[in-house]
Structure formats: structure tokens, C-alpha cells
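Enquirer: Residue numbers (my numbering): 568 to 1057.
Glycine included, each C-beta is placed from N, C-alpha and C at the ideal position.
1. Against chain B, does residue 689 count as a neighbour if the rule is that its beta carbon must be under 8 Å from one of theirs?
2. If the criterion is Cβ atoms closer than 8 Å, does the pair residue 931 and residue 788 meet it?
3. Let me know the secondary structure DSSP gives residue 674 once reduced to three states.
4. Ordered along the chain, which non-local residues of its own chain (more than five positions away) have a Cβ less than 6 Å from that of residue 883?
5. Whole beta strand (DSSP E) runs in the region 963-990 with 3 or more residues, listed along the chain?
6. State the start and end residues of the unbroken alpha helix (DSSP H) segment that holds residue 852.
7. Considering Cα atoms alone, identify which of 844, 909 and 663 is closest to residue 859.
8. Decide if the region 852-868 is in contact with the region 1012-1021; the criterion is three or more beta carbon pairs, one per stretch, under 8 Å apart.
9. How would you call residue 613, buried or exposed, if buried means at least 16 neighbouring beta carbons within 10 angstroms?
10. What's the gap between the Cα of residue 667 and the Cα of residue 701?
11. In three-state terms, what does DSSP make of residue 709?
12. Which same chain residues end up closer than 6 Å to residue 845 when comparing Cβ atoms and leaving out the 5 residues on each side of it in sequence?
13. Thinking residue 913 and residue 823 are a contact (beta carbons under 8 Å), I'd like their distance in whole angstroms, please.
14. Would you identify the three-state DSSP class for residue 622, choosing helix, strand or coil?
15. Just how far apart, CA to CA, sit residue 925 and residue 1000?
16. Taking C-beta to C-beta, are residue 718 and residue 682 nearer than 8 Å?
17. Mapping the DSSP letters down to three states, classify residue 610 as helix, strand or coil.
18. Look up residue 784 in the DSSP assignment and say whether it is helix, strand or coil.
19. Quick check on this structure: which residue in 949, 785, 780 and 904 has the alpha carbon closest to the alpha carbon of residue 747?
20. Helix, strand or coil for residue 843? Go by DSSP, reduced to three states.
21. Count the C-beta pairs between the region 656-665 and the region 584-593 that are closer than 8 Å, then say yes if the count reaches three, no if not.
22. Roughly how many angstroms separate the alpha carbons of residue 763 and residue 855, rounded to a whole number?
23. Which word fits residue 1029, buried or exposed, when buried means at least 16 other C-beta atoms lie within 10 angstroms of its C-beta?
24. Shortest alpha-carbon distance to residue 904 belongs to which of 589, 755 and 760?
25. Work out the CA separation of residue 622 and residue 698 for me, nearest whole Å.
26. Compute the Euclidean distance between the alpha carbons of residue 758 and residue 876, then round it to the nearest angstrom.
27. Start and end of the beta strand (DSSP E) containing residue 1027?
28. Tell me the rounded alpha-carbon separation between residue 578 and residue 605.
29. Please look up how many angstroms separate the CB atoms of residue 927 and residue 796, rounded, as I've assumed it's under 8 Å.
30. Take the Cβ of residue 636 as the centre, count every other Cβ of all protein chains shown within 10 Å, and call the residue buried at 16 or more, exposed below.
31. Return the first residue and the last residue of the alpha helix (DSSP H) that residue 919 is part of.
32. Could you give the first and the last residue of the continuous beta strand (DSSP E) run that contains residue 948?
33. In terms of DSSP beta bridges, what is residue 866 paired with?
34. Is the CB-CB distance between residue 1038 and residue 974 below 8 Å?
35. Take the Cβ of residue 633 as the centre, count every other Cβ of all protein chains shown within 10 Å, and call the residue buried at 16 or more, exposed below.
36. Which same chain residues, not among the five before or five after residue 1034, have their C-beta less than 8 Å away from its C-beta?
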């Protein structure tokens, strides 16, 4: 039968506080025994290359953050062994504990093997004993009953003088207390985005909310949908990562061509938090989608971002009218919203938001006494077909008018030579109108990107109402595209 006391770090269970005096060692004829034929052995182990020297704990003087105390003595080579104590201590107590543990570990290097013929059931691992004729006290670490007697493995314990740790200085260290930040109000911009080529569904809108605050004290917000009837429908919580929001300062963004890099326009953006940053991008990075932003109802990309101080940035080298938003290029107003379209914007559930024309998104955070409300910018852009491009009109030999155009498709933003764009809609169909869009004088439908107006019809139009515009719109599954002007008759 064998019992063993595993060595602990700070405390060891004792069978009794009484120090028992062991009987004389028992001799045997077996030279290979536990304690040789004399019944006893004594050894002193070499100093450990990694002695116990560090105590890690939770420091009550440092707001219960992790603390560290070292034992005294000369530092040896290598890193000392550390003890992990999941307890809240003051620095002085922690220093005394690691000092005692270090000394106890050092004294325990001296061990004794002792054989006795007496069977004492009260003697167990953890008991304190003394050896006849030898100074010092010992702790029973192992106890084994064999044929030749009871064999004890003993380790030296601290003498009474060494166990008393002197008062040692213990510094908890300093901790800069975190600055209390007041919760800040919520800023909100809601919008739809054009169909993404990676989207799995072409039949669902892509609404988003850009939610942020003027400083790092913003703690997020709950989002709701108002479908136009005043009832609130939960949309979940906004991302705790603040969206990068701002506003165009001064005049409205001037018009420019969506086909060329706009090197002339250099609008100034004032971000809601001066600590926010805009990062310049190369033309190659723009081609990979960097620095997409929403200005009013127009999607742009910017290559240049120059800081002007106080959260003001001058952006330049713009790509305009991205994602089929070229209709908004000439419709800008002063002080429009600026939103960086990165991973910090929050996607919204289109079904919960509904499809009413007067739907709104609302947000409320801890510092908002009332809900913040925003209409949906770019409403319908996901499902609306793109307007046709490249108009061409000519009079034929029979005096008829032949008009042609090129179809575009939602989500197909890369033009590949020799390959027609995919047909995202259920069918290809166009409406050609003459006169005002809301009340045209004449209208035709065609399933081809071309139409021929007979000479007689053309003559009747010029006699009835000359000088009006001929326009074409693609008829999609869910909506009509913006019109493309084919020309003026008359």
C-alpha cells in the first residue's frame, strides 16, 4: 500500500500540527531497498535551473488587474518559474507568499528516506516529523508499507527562523485609470445599394444603415423600421464599429462625366469625429473597389484624401455615378451626407423594412432622448434596371427613323469584350416614348434594343408636336429604368 502527498505551491495538508518523533531506522539485509541496508538515506538535490520566483495574482490595489511579485535573491540564468494564483491579494501579502514559497522550495531540495518497523496509522503524508539525533523538522511526502517495513520519503521544511518573512517592500505599480466617456448621440444615414455581382438573389433589395457617433463614447444603437404607418418593427442592433460619416462642406458637388476620371472636382468632407481618417488609394486599388462612398444619392470612389485639420478632408480624382447612379450627378445639393461604404455599415432586412415609398429607418442609443430617423436614399436602386447607353439614330432610305441603343444589366459592372451582358430581368423589353414621360404623346414597346418608326408616323409627329424628346427605358422585372434620350424629332 502506498500513499503520496503531491508537492503544492503554498500550503500542504497536515495530518496533525504535532511534530512526531520517528523511531530509529530499521536495518535490512536487502542492499537494493528503499533506504539501503542502514534504513536511511539523505540527499540534497541540485538547484533547479528554473526556481520558483514569480507570483501572478489579481492585485486589489490595481482594480483587481493582474499583478506580479518577485522573490528576493540573486537572479539566476533563464526565466524563473511562476506560480499562478487565482486570488485577489494586496501587494504585501503576495510578496510574502512568493518569498515563503521560494524559500520552502529551496529547503525542500534536502530529502531523507527513512524505514521504520512500526505501523502508525496516524502517520500519513503531510505529517510533521523529527529524526532521532538530528536537527530540524521534516514533512512526510510519501508513505509505503512493504515487506521490510514502512518506508517514508521526507522533505525538509523551513526552520522557524526562516519561516518568518521580514517586512518587504511591495509596489503594486501604477495603472492609468481609463477616462470615463459619456455616451454620445447617434447619427444615422439609410440607403439602398445597387445589386452586387456576388449577390445570390436578384429579387431582393439591399438596404443598409450607416450608424455612428461623434466620438468613441458612442455605444451602439437599436434599429427599427417604419413602413410608413408609424408602427415600429425591430431591425436588430447596429454594428458597434462606428460607420465613417460626414457631410460635404460648402457648395454642392459639381457635375462631371461618369465615363472619365474626374480630376477637377475636389469637394471638402467634414467627418463627424475629427479622429476619423480617410486613406488615399491608387488607381489600381480603385479598380479593386477601394474608397467607395455615397454622396447624397451618388456612388463615387476617390483616390486622393488630403487632411485639412479639424476632421476636414479634401478628396479628389473621383470616379462618378457608380452602380447606375449617374442620374444623381447633376442633382446634388449643398451639405449632403457622406458615407464610406466599408464593412462598418449595417445590412438591414428588406422584408422587415417593407417597400412603401415613405418607409424610414430609426435608431436609438443610450444617449438619444428620442429616436433618430432617416429616409431611405437611393430607394429602389437595387431592383431598378440600368438605363440603356450608346444611343444612335439615323434616317433610312424609306424616310423611316431607326434608333438603336445598348443594354446594361444590374450587377454586371465589368464590361467584357465580345460577351453580351447577362439578362438579369425575366425578359428583355423596352418602352420608347415621345414627349413627357408621365404623359407621352406616343409610346411603343419592343423586345430588341432597336426600334424603327415608320415615315408616316414620323411625319404625323412632326406635324402634331415637333421638337420633343424621344426616349427609351428598359422594362425590368420590378421597375422601369431611368430614360435614355435618343434624340429630338422635328
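Expert: Reading it off the structure:
1. Checking the listed chains, one finds no chain B in this structure; it contains a single protein chain.
2. yes
3. Reduced to three states, the DSSP call for residue 674 is helix.
4. 833 and 871
5. 968-973
6. DSSP places residue 852 in the uninterrupted alpha helix (DSSP H) bounded by 850-854.
7. Per the Cα distances, 909.
8. no
9. The residue is exposed, with fewer than 16 neighbouring Cβ atoms inside 10 Å.
10. Near 24 Å, if we compare the C-alpha coordinates of residue 701 and residue 667.
11. If DSSP states are grouped into helix, strand and coil, residue 709 belongs with the strands.
12. 872 and 880
13. Actually they do not touch by this definition, with Cβ atoms about 30 Å apart.
14. For residue 622, the secondary structure class from DSSP, reduced to helix, strand or coil, is strand.
15. 28 Å
16. yes
17. strand
18. Of the three classes helix, strand and coil, the one that applies to residue 784 here is coil, per DSSP.
19. 785
20. coil
21. no
22. 14 Å
23. exposed
24. 755
25. 33 Å
26. 29 Å
27. No beta strand (DSSP E) holds residue 1027; the alpha helix (DSSP H) holding it covers 1022-1031.
28. Residue placement at residue 578 cannot be trusted, given a pLDDT of 41 that sits under 50; what the coordinates show is reported in the next sentence. Going by C-alpha positions, residue 578 is about 32 Å away from residue 605.
29. Not a contact, Cβ separation roughly 11 Å.
30. By the beta-carbon neighbour count (other beta carbons within 10 angstroms, threshold 16), residue 636 is buried.
31. From DSSP, the alpha helix (DSSP H) with residue 919 extends over 917-920.
32. No beta strand (DSSP E) holds residue 948; DSSP gives it neither H nor E.
33. The partner list for residue 866 (beta bridge, DSSP) reads 861 and 889.
34. No. Outside cutoff.
35. exposed
36. Cβ contact annotation for residue 1034 (same chain, cutoff 8 Å, sequence separation greater than five): 1055, 1056 and 1057, in chain order.
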